[in-house]
Amino acid sequence: MKTHTESVFVKTGVRYELIDIDDILYIEGMKDYLMIHCKSKRIMILATFKEIEPRLDASKFIRIHKSYIVSLEHLDRLEYNQVYIGDKKMPVGQSFRKFLLKEIEVRGF
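Going letter by letter, the sequence shown gives residues 70 to 178 in our numbering.
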């Protein structure tokens, strides 16, 4: 039996899909769309970061670039101006770097 975890509904075309927050690896912005990269699937939604960011737990997710939000729980590595989740390398924007480093220090990563 699956235990209930924190989740969020997202609109994918004409239907709504429930996504477990813990399954989200990162979210990538693509003009008017967002691609939600999960452990086992990718989901494209018509939304902006401004719309989805308030719905995400700030203790679990962090904006690292104008085009990326990442799950802190799935973050594998940080190198100067990029982060890694698995083999995926993502840039860290200059304006987001200081806050990211502070969050990593606070959490003891």
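Note that the Cβ used here is the ideal one computed from N, Cα and C, for glycine as well.
Note that this is a predicted model, so its numbers are computed, not measured.
query: Using a 10 Å radius around the Cβ and a threshold of 16 neighbouring Cβ atoms, would you call F130 buried or exposed?; result: buried
query: Cα separation between I80 and E122?; result: The question names Ile, yet the displayed sequence has Lys at residue 80. Whole-angstrom Cα-Cα distance: 15 angstroms.
query: Step through the CB atoms of chain B and report whether any lies within less than 8 angstroms of the CB of Y95.; result: Looking at the structure shown, chain B is missing, and only one protein chain is on hand.
query: Can you tell me the Cα-Cα spacing of S109 and D89, whole angstroms?; result: 11 angstroms
query: When burial is assigned at 16 or more other CB atoms within 10 Å of the CB, is Y102 buried or exposed?; result: exposed
query: At the level of alpha carbons, what is the spacing between K171 and E86?; result: 33 angstroms
query: Could you tell me which whole beta strand (DSSP E) segments of length 3 or greater appear in the stretch 97-122?; result: 102-107 and 111-115
query: How would you write the range of the beta strand (DSSP E) that K80 sits in, first residue to last?; result: S76 to T81
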